[in-house]
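Right, one structure below, let's go through it.
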C-alpha cells in the first residue's frame, strides 16, 4: 500500500507526519479552547440568571 | 408599500447574526475541509509519480504550497479585518483577526518546516538566508508578536487598535514573502509553483491534487477562523458578565 519513496523516504514521511501532527494540534487546540470557554460562559450565565 | 431592505455584509458585524450564520457554516466548512485535505493528500502521496529530477520529494509540494499560500492569505485576511476595525469599529472583525493569528502562525510554521525538509536533499541545506525564506521567517515572527500583543493588553479595544497597527506594518513582509523571489530574482527558492503565465511547467498529474489540497487548506482556515471567532465572542461576553458581577458586589 505504501508507495516506494526511494532514497527520500525519510524526508517525505517526516514532512507528512510532522505537518499532519501540527494540523491536528491546531484543530485540537481551537476545539478544546472553544469547549472550555463555552462551558465557562454557560456557568456564568446560569449564575447571573439565578441572581436575576 | 415599503421596499425590502437589501441584505448587507455589515449585518454580520452583529455578534448574534454572526453566531447564527456560523452555526451552520462552521460544520459545513469543517467537513468539506476534512474531505478535501484527505483527498488531496492521499492523492498526492499515494497516486502521483516521482519527478524525474526531485524524485519522491515532489510529494512534499501538496503540504508546502497550500500551507505557504494560507500563511500569506491569513495575514491578508487579518489586514482586511484590522482595517474594518480601525475604520468602522466592528468588534467581530477585530475578533476574527485575532482568531486568524494562531492559524496563520501554524500555517507559516508548516511551510517553513516542509520547506526545510524539502530543501535539505534538493539544495544540500536545511536553511539559507534566501529572500523568500527570510521574509517567511520574519512573517512567522510577526505572527508570534501579533498573538503576544493581543494577550499582553488588558483592554480589548486598545489591544485591537495596537494589533491592527502591527498587522498593517507586518503586511510589508507578507507581500515580500509572496513576491520576494520576483523582486530579487536570486537565492535558492524557485519562482511561483503555479501561475497563469504561459510557459509554466507543472503537469496536471501534480496540479490536480495540489488544487484539491489548496482548497482543503483554505476551507480549514475558514473553519478554524469561524470557530475561533465564536470562541472570542463568547470570551468577550464572559468578561462583560464577570465585570458586571464585580460591580454589583
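Protein chains in written order, with the working numbering: chain A, 10 to 61; chain B, 15 to 263.
Glycine included, each C-beta is placed from N, C-alpha and C at the ideal position.
Looking at the secondary structure, which residues open and close the alpha helix (DSSP H) in which residue 69 of chain B lies?
Numbered from 1 along the second chain, position 55 holds the residue referred to as residue 69 of chain B. Careful: residue 69 of chain B lies outside any alpha helix (DSSP H) and carries neither H nor E.
By Cβ distance below 8 angstroms, which residues in the same chain neighbour residue 67 of chain B in space, the five residues on each side in sequence not counted?
The residue labelled residue 67 of chain B in the question sits at position 53 within the second chain. If we look at residue 67 of chain B and ignore the five residues flanking it on each side, it has no Cβ neighbours.
Distance check for residue 96 of chain B and residue 182 of chain B, CA to CA, integer angstroms please.
Along the second chain, one-based indexing puts residue 182 of chain B at 168. Along the second chain, one-based indexing puts residue 96 of chain B at 82. Straight-line Cα distance between these residues: approximately 8 angstroms.
Give a yes or no on whether 8 angstroms exceeds the smallest Cβ distance from residue 59 of chain A to chain B.
Here the question's residue 59 of chain A lines up with position 50 in the first chain. Judged by the 8 angstroms Cβ criterion, residue 59 of chain A is not in contact with chain B.
For residue 26 of chain A, return the contacting residues in chain B, with the cut-off set at a CB-CB distance below 9 angstroms.
For the purposes of this step, residue 26 of chain A is taken as residue 17 along the first chain, with counting starting at 1. What residue 26 of chain A touches in chain B: nothing, since even the nearest Cβ is about 11 angstroms away.
At the 8 angstroms Cβ level, is residue 83 of chain B part of the contact set with chain A, yes or no?
Your numbering for residue 83 of chain B matches position 69 in the second chain. Output row for residue 83 of chain B: interface = no.
Between residue 49 of chain A and chain B, is the shortest Cβ-Cβ distance under 8 angstroms, so that the two count as touching?
Here residue 49 of chain A corresponds to residue number 40 of the first chain, with the count starting at 1. Closer than 8 angstroms to some Cβ of chain B, the Cβ of residue 49 of chain A qualifies, so yes.
What does a CB cutoff of less than 7 angstroms around residue 210 of chain B pick up in its chain, not counting 5 residues either side in sequence?
For the purposes of this step, residue 210 of chain B is taken as residue 196 along the second chain, with counting starting at 1. Residue placement at residue 210 of chain B cannot be trusted, given a pLDDT of 48 that sits under 50; what the coordinates show is reported in the next sentence. No residues qualify anywhere along the chain.
Unbroken alpha helix (DSSP H) run spanning residue 105 of chain B, endpoints
For this step, residue 105 of chain B is matched to residue 91 along the second chain. Counting along the chain, the alpha helix (DSSP H) containing residue 105 of chain B begins and ends at 105-137.
Short CB-CB distance (under 8 angstroms) between residue 70 of chain B and chain A
Taking the first residue of the second chain as position 1, residue 70 of chain B is located at position 56. Using beta-carbon distances, residue 70 of chain B counts as an interface residue toward chain A, with a partner under 8 angstroms.
Nearest candidate by alpha-carbon position, reference residue 151 of chain B, set B/47, B/86, B/50:
If you number the second chain from 1, residue 151 of chain B lands on position 137. Distances from the CA of residue 151 of chain B to each of B/47, B/86, B/50 were compared; the closest alpha carbon is that of B/86.
What are the partner residues of residue 65 of chain B, as DSSP defines its beta bridges?
Within the second chain, numbered from 1, the residue matching residue 65 of chain B stands at position 51. Paired residues: B/69.
Note down, in chain order, each residue of its chain lying with its Cβ closer than 7 angstroms to the Cβ of residue 203 of chain B, except the 5 sequence neighbours on either side.
To locate residue 203 of chain B, count along the second chain from 1; it is residue 189. Here the set comprises 144, 146, 147, 195.
Does chain B have any CB closer than 8 angstroms to the CB of residue 31 of chain A?
Indexing the first chain from 1 puts residue 31 of chain A at position 22. Taking CB atoms only, residue 31 of chain A has a neighbour in chain B less than 8 angstroms away.
Contacts of residue 252 of chain B in chain A (Cβ-Cβ under 8 angstroms):
Numbered from its first residue, the second chain carries residue 252 of chain B at position 238. For residue 252 of chain B, the chain A residues whose C-beta falls within less than 8 angstroms of its own C-beta are 46, 49, 50, 53, listed in chain order.
Does the contact criterion of 3 or more C-beta pairs under 8 angstroms hold for the segment 115-125 of chain B versus the segment 76-91 of chain B?
The segment 115-125 of chain B vs the segment 76-91 of chain B: in contact.
Throw me the rounded Cβ distance for the residue 25 of chain A and residue 60 of chain B pair, which I believe falls under 8 angstroms.
By one-based count along the first chain, residue 25 of chain A stands at place 16. By one-based count along the second chain, residue 60 of chain B stands at place 46. With a Cβ gap of about 11 angstroms, residue 25 of chain A and residue 60 of chain B do not count as contacting.
Which residue marks the beginning of the alpha helix (DSSP H) containing residue 218 of chain B, and which one marks its end?
Residue numbering aside, residue 218 of chain B sits at position 204 when the second chain is read from its first letter. First-last of the alpha helix (DSSP H) with residue 218 of chain B: 218-262.
Closer than 8 angstroms, Cβ to Cβ, to anything on chain A: give me those residues from the segment 225-255 of chain B, in chain order.
Interface annotation for the segment 225-255 of chain B against chain A: 234, 238, 241, 242, 244, 245, 248, 249, 251, 252, 255, criterion Cβ-Cβ distance under 8 angstroms.
Which residue wins for smallest C-alpha separation from residue 81 of chain B, given the options B/239, B/106, B/227?
Taking the second chain and counting its residues from 1, the one referred to as residue 81 of chain B is at position 67. The residue with the shortest Cα to Cα distance from residue 81 of chain B is B/227.
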